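All residue numbers for the sequence shown refer to the numbering used here, where the first residue is 136 and numbers rise by one. Don't be surprised by glycine CBs; every beta carbon is placed ideally from N, CA and C. Note that the structure is predicted; figures quoted are calculated from it, not measured. One structure below.
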Amino acid sequence: MRIRIPQSLRSLVVFGMKVGGAGLAFILNIAITRAIGIHDAGVFFIAFSLTTILYAVARFGLGYTTYRSIAEAATEEGVPRVRQTANSVVLLVSAISIVIAIAVIASADLLSHWLFGSSEGVAVLILLAVTIPLYCIGSIFSEILKGLRRPVGYALFENIIIKACAVPIVLWLGVSLGLVGAGWAMLVANAVGLVVVTLLTVSVLRGFPAATRAHVDNLPTLLSTTALFAVVSLSTVLSQWLGPLIVGQVLTPSDAAIFFTAYRTSAVLEFVVISIVSVAGPAFVAANSLGGIKSVLKLAKPEALKALGAVLLLAVPAAIFASPLMTMYGADFAQGDNVLRTLILFQVINAPLGVYNAAVIALKREKAMAVLAPVSAILVAVLSYTFTLQWGVLGAAVGVGLSMMTYNLMVYAILHLGKSKIQ
Numbered sequence: 136m137r138i139r140i141p142q143s144l145r146s147l148v149v150f151g152m153k154v155g156g157a158g159l160a161f162i163l164n165i166a167i168t169r170a171i172g173i174h175d176a177g178v179f180f181i182a183f184s185l186t187t188i189l190y191a192v193a194r195f196g197l198g199y200t201t202y203r204s205i206a207e208a209a210t211e212e213g214v215p216r217v218r219q220t221a222n223s224v225v226l227l228v229s230a231i232s233i234v235i236a237i238a239v240i241a242s243a244d245l246l247s248h249w250l251f252g253s254s255e256g257v258a259v260l261i262l263l264a265v266t267i268p269l270y271c272i273g274s275i276f277s278e279i280l281k282g283l284r285r286p287v288g289y290a291l292f293e294n295i296i297i298k299a300c301a302v303p304i305v306l307w308l309g310v311s312l313g314l315v316g317a318g319w320a321m322l323v324a325n326a327v328g329l330v331v332v333t334l335l336t337v338s339v340l341r342g343f344p345a346a347t348r349a350h351v352d353n354l355p356t357l358l359s360t361t362a363l364f365a366v367v368s369l370s371t372v373l374s375q376w377l378g379p380l381i382v383g384q385v386l387t388p389s390d391a392a393i394f395f396t397a398y399r400t401s402a403v404l405e406f407v408v409i410s411i412v413s414v415a416g417p418a419f420v421a422a423n424s425l426g427g428i429k430s431v432l433k434l435a436k437p438e439a440l441k442a443l444g445a446v447l448l449l450a451v452p453a454a455i456f457a458s459p460l461m462t463m464y465g466a467d468f469a470q471g472d473n474v475l476r477t478l479i480l481f482q483v484i485n486a487p488l489g490v491y492n493a494a495v496i497a498l499k500r501e502k503a504m505a506v507l508a509p510v511s512a513i514l515v516a517v518l519s520y521t522f523t524l525q526w527g528v529l530g531a532a533v534g535v536g537l538s539m540m541t542y543n544l545m546v547y548a549i550l551h552l553g554k555s556k557i558q
C-alpha cells in the first residue's frame, strides 16, 4: 500500500535534495581536482563538458515532453496510454543515445587530438561515452516519475545518487588510476543511478495497464511536440557547457580546470534564483490566467527583488572569500579567485533578470524562447572565444557573463514589448 505524503512535505524534501545535490556537485569537483591534479582535471572537465552536450543531443528535448505527456496520460481518461508513452520514449532515447555513444567511441582518438592535441583523452572519452545511454535512459525514467507525481524519485536520480556514488569512487580510483579512474567513477555512478531509477519506475508503472499498441505508434505525436523543447534544451546546455571547451581550445586544460571550477562554484548562486523561480512559477501562471501579461509583469518585480536580495546574501561573502574557496580545489586553483569574483558579479546582475524567464514560460511564449536560446548559445561561443583570446581565463568569465546578461535583457525587452503592444 502506497503511503500518502503531504504535498508540502514532498516539496520540502525535494527542495532539500536539490540543495544536497548542489553541495554534492561542489564536493565531487573538489574530489576530482584533489585526486587527479589540475591538468588531468582540466582534461576530464573538457571531456565531461562535451559529454554533457551530447546528453542533450541524445535526449532531443524529450525530457519535458515525456514529463508533460506522462502527466496528461496519467489522468483517468488517459491511463492506458501511460505505459505506451513511457515505452515509446525510452525506446527512442535508447536508440539515439547508443548510436551517439558508438560514434564517440569510434572517433575517440580524433576527438582527443582535436580537444587536447594528443591522445591523452582517448580513454576518458570512451568511458564517458558509455555513460551517455546510461544517463539519458535514466533521466527519461526520472521524467516519467516526475510526470506520475513521484518528485522524490525524480530528485533522487537528478540530484543525489550519481554524485553521491561518484565521490568515494573518484577518491579511490582517481588517486590510483588518475584520469582514467575519474572516468570509471562516472561510469559506475551512472550505472548505479540507472539501476535505482529503473527499479523505482518499474515498480510505479506496474500500477498501470499494459500497453495495448505497438511502442512506436505514438512516436510521431511525441516528436511533433518536442521540436521547440529540443532547440531550447540544447541551446541552454550549450550556453552552460561551451566555456570549458573554448578555454581548453584557446589556452590549456589547466586553464579550463580553473574556469570550470570557478563557473560551477558561482552556479550555486544561479541555483538560488532557480529555486525562487520554481516557487513563483505557479503564481505566474495564476497571474497570467487572471490578468494576462500586465499581471505577470506586476508580480515579476517583487520576485526579482527577492531574487536579488537572496543572491546578495551569498554573493558578498563568496566574493570576499573567493581565494579560500578556489584553494579548496587545490593550491594551483588559487589564481582563479578573480575569475570567480567576475562570475559572481554577473550572477548578481542576472539574478533579478532571470526571474523574467519564468514569466515567459507562464505566458507560454515557447517560440520566443526557441529563438532567444540559440542566440544565447551563439553569444557564449563568440564572446567567450573573443575575450579568452584577449584576456585569458578572466576573459572567458567576462564573455560568459555578458552573454547571460544579454540573453536575459532580450527576454526582459520582449516581455515589455508585448505589454506595450497590448496598451
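Item	Value
Below 8 Å, how does it come out for the region 259-271 and the region 311-330: are there three or more Cβ pairs, yes or no?	yes
From the DSSP output, in three-state form, read off Tyr-464 for me.	coil
Let's test the definition: count the other Cβ atoms within 10 Å of the Cβ of Trp-249 and tell me whether it reaches 16, buried, or not, exposed.	exposed
Relative to the C-alpha of Ala-402, which residue among Glu-438, Tyr-289, Leu-449 is closest?	Leu-449
With respect to the alpha helix (DSSP H) encompassing Gly-342, which residues constitute its N-terminal and C-terminal limits?	Per DSSP, Gly-342 belongs to no alpha helix (DSSP H) and is neither H nor E.
Leaving out five residues on either side along the sequence, give the residues of the same chain with a beta carbon under 7 Å from the beta carbon of Thr-541.	Leu-514
Can you tell me whether Leu-552 is buried or exposed? The criterion is at least 16 other CB atoms within 10 Å of its CB, across all chains shown.	exposed
Assign Ala-457 to one of three DSSP states: helix, strand, or coil.	helix
Determine the direct distance from the alpha carbon of Ala-301 to that of Ala-326, and round the result to whole angstroms.	11 Å
Please tell me whether Val-495 and Leu-544 are closer than 9 Å, where the distance is taken between their beta carbons.	no
With H, G and I counted as helix, E and B as strand and the rest as coil, what does DSSP make of Leu-373?	helix
Any chance the CB of Ala-421 is under 8 Å from a heavy atom of the ligand SAM?	Only the bare structure without any ligand can be found here, which leaves the ligand SAM out of the picture.
Between which two residues does the alpha helix (DSSP H) harbouring Ser-204 extend?	197-208
Can you give me the Cβ contacts of Ser-374 inside the same chain, cut-off strictly under 6 Å, excluding the 5 residues immediately before and after it?	Ser-511, Ala-512, Val-515
CB-CB under 6 Å to Ser-389, same chain, minus the five flanking residues each way: which ones, in chain order?	Ile-173, His-174, Gly-177
Look at the Cβ atom of Arg-218, then the Cβ atom of Cys-271, and state whether they are nearer than 9 Å.	no
What residue range does the alpha helix (DSSP H) around Leu-269 cover?	257-282
Roughly how many whole angstroms lie between the Cα atoms of Pro-285 and Phe-522?	Per the sequence shown, the amino acid found at residue 285 is Arg instead of Pro. If you take the alpha carbons of Arg-285 and Phe-522, they lie about 44 Å apart.
Where do the N-terminal and C-terminal ends of the alpha helix (DSSP H) with Leu-246 fall, by residue?	243-251
Taking only the alpha-carbon atoms, compute the straight-line gap between Ile-557 and Leu-447 and give it to the nearest angstrom.	Bear in mind that a pLDDT of 46 at Ile-557, under 50, signals an unreliable position, so the model cannot answer this.
What are the boundary residues of the alpha helix (DSSP H) that Gly-643 is part of?	Since the first and last residues shown for the chain are 136 and 558, residue 643 lies out of range.
Would you kindly check if the distance between the Cβ of Val-332 and the Cβ of Gly-288 is under 9 Å?	yes
Going by Cα to Cα distance, which pick from Val-154, Ile-188, Leu-159, Ile-171 is closest to Leu-380?	Ile-188
At the level of alpha carbons, what is the spacing between Ala-548 and Arg-341?	48 Å
Near Met-463, what residues of its chain come up, given a Cβ to Cβ distance below 7 Å and the 5 sequence neighbours on each side ignored?	Ile-165
For the alpha helix (DSSP H) that Ile-124 lies in, which residues bound it at each end?	Outside the displayed range of the chain (136 to 558) lies residue 124, so it cannot be described from this structure.
If we ignore side chains and look at the alpha-carbon of each, how far apart do Ala-469 and Ser-458 end up?	6 Å
Assuming Ile-205 contacts Thr-186 under a Cβ cut-off of 8 Å, what Cβ separation, rounded to an integer in Å, is found between them?	That pair is no contact at about 26 Å.
Please state whether DSSP places Ala-349 in a helix, a strand or coil.	Low confidence applies here, because Ala-349 scores a pLDDT of 48, under 50, leaving its location unreliable and the question unanswered by this model.
Any idea if Ala-466 is buried or exposed, counting beta-carbon neighbours within 10 angstroms, 16 or more meaning buried?	exposed
Give every residue of the same chain whose Cβ lies closer than 7 Å to the Cβ of Ile-231, excluding the five residues on either side of it in the sequence, and list them in chain order.	Ala-193, Phe-195
Sorted by chain position, which residues of the same chain lie with C-beta nearer than 8 Å to Ala-349's C-beta, five sequence neighbours on each side aside?	Low local confidence applies: a pLDDT of 48 at Ala-349 is under 50, so the model's placement there is unreliable, with the coordinate-based value given in what follows. Closer than 8 Å at the Cβ level, and outside the excluded window around Ala-349, lies no residue.
Could you tell me the alpha carbon to alpha carbon distance between Leu-334 and Leu-306, rounded to whole angstroms?	28 Å
Grouping DSSP H, G and I as helix and E and B as strand, with all else coil, what is Leu-448?	helix
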